[in-house]
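Accompanying notes for the structure given below.
Residue numbers (my numbering): 2 to 409.
What follows is the structure, encoded as C-alpha cells:
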C-alpha cells in the first residue's frame with residue numbers, strides 16, 4: 002500500500018510583510034532576505050516621483066550598518082540624466098562602476114562619499130505612469146550581472162508592488178475626501194493651487210527640521226501627502242457660518258472651531274469604510290486634521306495644547322498654511338510679498354507658530370519662489386472668489402492669526 006507523507010509545517014519566508022510595518026521596515030526585511038542570495042548588496046533605496054513638479058524625493062531605504070547617503074534628498078528628474086534616460090526608455094539600468102557618472106551631481110557625490118561603486122536601478126510604474134525608482138547599491142564594482150539580475154528583478158518587482166499599494170491607499174483616501182467635499186455641497190474656500198503650494202511648503206519645513214528631529218523620508222513625504230486634508234472638517238459646518246462674509250458671533254465661532262475635531266471623526270470613518278485601517282499614516286492624518294489650529298503658546302483649539310505637546314505634523318502644516326494665506330490674494334486683501342510675510346511669521350513665532358518650523362521655511366526662499374511660480378492661482382478663480390459672500394479664507398482662520406489677515 003502506498004504511503005503518503007504526513008503534512009509538515011512550512012515557514013512562509015515573506016510572512017512578515019503581512020504585519021503593520023513602515024515602508025522602510027518592509028524594505029529592510031526584504032534586504033535581509035536578499036543578502037542571503039546577493040550579499041554584495043549593501044543598500045536598497047526608493048525614490049518617489051512628483052510629476053507636477055518633475056521632482057524625485059527619497060522615500061525609504063535599508064542602508065546596511067550606517068547612515069543613509071541620500072537621506073532627505075530631492076532633485077528634478079531632468080537634472081538627473083541617467084535616471085531621466087531610464088524614464089524615457091522604460092527599462093532598468095546597470096552601472097557597474099559609478100565613477101563613470103562623475104561627481105558633478107550631488108547624489109553621485111553622496112554615493113561616492115559612502116563608498117558605493119555599483120548600482121542597479123529599476124523604474125516603478127503605477128497605472129502606466131512613472132511613480133519612482135528602486136535602487137540596489139553595492140560597494141563592490143562589477144557585481145550586477147546575469148547571475149544576480151533575475152533575482153534582483155523579482156525583489157524589485159515586489160518592492161514596486163509594495164510602493165504602488167502604499168500610494169494607491171493614499172490616493173483612495175485623498176479621493177474619498179475630495180468626493181465627500183463635493184457631495185456635501187460644501188464650497189471649499191481654498192483653491193487647488195493653495196493646497197498644492199501649502200503641501201509643498203510643508204514638505205520644505207519637514208525636510209528642514211528632519212535631521213535635528215530624527216525624521217525619516219517617509220515622514221516627510223507623508224506630511225506632503227496629507228497636508229491638504231487639514232480642513233476636511235469644514236464639510237460638517239453649515240454654509241451660513243462657513244461662508245459668512247462678516248465677523249462671526251461668539252456662538253458661531255464656537256461652532257466653527259468644531260471643524261478640527263469633526264475632521265478627525267470624518268477621516269477615521271473614511272479609513273474604516275474604505276478598508277484603510279492598516280494605512281501606516283492613520284495617526285498622522287488624524288493629527289493634522291484635529292490639531293492644525295493649536296497655537297504654540299497654548300491659546301489654540303480644540304485642546305489648548307502647547308509647544309512640543311502639539312503633534313509635529315500639525316505644527317508644520319500651521320506654518321505652511323499661514324504663509325500661503327499671507328502671500329495669496331484674498332477677497333479682503335492683496336497678496337503680501339514674501340519679505341513682508343517672512344517678517345510676519347517671525348512675529349508669530351513662539352506665540353502662534355513653532356519657531357523652528359518658521360526658521361526652516363525662511364531658509365528656503367528660492368524654492369518657495371519656484372513653488373509659487375509653478376502653482377499660481379487661476380485668474381478666473383480669483384475673480385469668482387472676489388464676489389461678495391464668497392470669502393477665500395474662512396473667518397475663523399483670520400481670527401486665529403490675531404488680526405494679521407482681517408482688515409482693521
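Glycine residues also receive a C-beta, built at the ideal position from the N, C-alpha and C atoms.
These numbers were taken from a predicted model, which means no experiment stands behind them.
Item, Value
"How long is the line joining the alpha carbons of residue 221 and residue 156, rounded to whole angstroms?", "25 Å"
"Looking at C-alpha atoms only, which residue of 288, 15, 289 and 310 is the closest neighbour of residue 297?", "310"
"Pairing CB atoms from the segment 217 to 237 with CB atoms from the segment 53 to 63, are three or more of them under 8 Å?", "yes"
"Let me know the secondary structure DSSP gives residue 135 once reduced to three states.", "strand"
"Quick one: Cα of residue 111 to Cα of residue 74, how far?", "10 Å"
"In three-state DSSP terms, what is residue 101?", "helix"
"Rounding to the nearest angstrom, what Cα-Cα distance links residue 55 and residue 151 in this structure?", "30 Å"
"Please determine, among 53, 71 and 41, the residue with the shortest C-alpha to C-alpha distance to residue 47.", "71"
"Measure how close the beta-carbons of residue 227 and residue 285 come, nearest whole angstrom, since I'm counting them as under 8 Å.", "6 Å"
"Quick one: give me the first and last residue of the alpha helix (DSSP H) that residue 343 is part of.", "339 to 349"
"Just confirm the distance between the C-beta atoms of residue 160 and residue 306, as a whole number of angstroms; I'd bet it's less than 8 Å.", "Not confirmed; about 38 Å, so no contact."
"Please say whether residue 178 and residue 231 have beta carbons closer to each other than 8 Å?", "no"
"What do you get for residue 325, buried or exposed, if any count of 16 or more other CB atoms within 10 angstroms of its CB means buried?", "buried"
"What residue range is occupied by the uninterrupted alpha helix (DSSP H) comprising residue 264?", "260 to 274"
"From the DSSP output, in three-state form, read off residue 305 for me.", "coil"
"Assuming residue 319 and residue 328 form a contact by the criterion Cβ under 8 Å, report the distance between their Cβ atoms to the nearest whole angstrom.", "Contact flag wrong, Cβ pair sits at about 15 Å."
"For residue 115, which residues in the same chain have their Cβ closer than 6 Å to its Cβ, ignoring the five residues on either side in sequence?", "70"
"Tell me whether residue 412 is buried or exposed, calling it buried when 16 or more other Cβ atoms sit within 10 Å of its Cβ.", "No answer is possible for residue 412: the residues shown for the chain start at 2 and end at 409."
"DSSP state of residue 44, grouped into three classes?", "strand"
"Identify the continuous alpha helix (DSSP H) that holds residue 283 and give its terminal residues.", "283 to 292"
"Could you check how far apart the C-beta atoms of residue 237 and residue 263 are, in whole angstroms? I think they sit under 8 Å.", "4 Å"
"Quick one: what's residue 57 bridged to in DSSP?", "50 and 76"
"Which residue spans inside the segment 191 to 240 form an unbroken alpha helix (DSSP H) run of at least 4?", "193 to 214 and 218 to 227"
"What is the DSSP secondary structure of residue 122, counted as helix, strand or coil?", "strand"
"Could you tell me which residues DSSP pairs with residue 96 in its beta bridges?", "120"
"Under the three-state reduction of DSSP, which class applies to residue 243: helix, strand or coil?", "helix"
"Does residue 248 come out as helix, strand or coil in the three-state DSSP assignment?", "coil"
"Give the single residue among 260, 225 and 229 whose Cα lies nearest to the Cα of residue 242.", "260"
"Nearest by alpha-carbon distance to residue 141: which of 229, 378, 76 and 39 is it?", "39"
"Tell whether a beta-carbon distance below 8 Å holds between residue 45 and residue 14.", "no"
"Would residue 84 be called buried (16 or more neighbouring beta carbons within 10 Å of its own) or exposed?", "buried"
"Considering just the uninterrupted stretch of the alpha helix (DSSP H) at residue 36, what are its terminal residues?", "24 to 38"
"Taking Cβ positions, are residue 41 and residue 194 nearer each other than 8 Å?", "no"
"Within its chain, find whatever has a CB closer than 7 Å to the CB of residue 357; leave out the 5 residues flanking it on each side and keep chain order.", "210"
"Pick helix, strand or coil for residue 162, following the three-state DSSP scheme.", "helix"
"Taking C-beta to C-beta, are residue 340 and residue 322 nearer than 8 Å?", "no"
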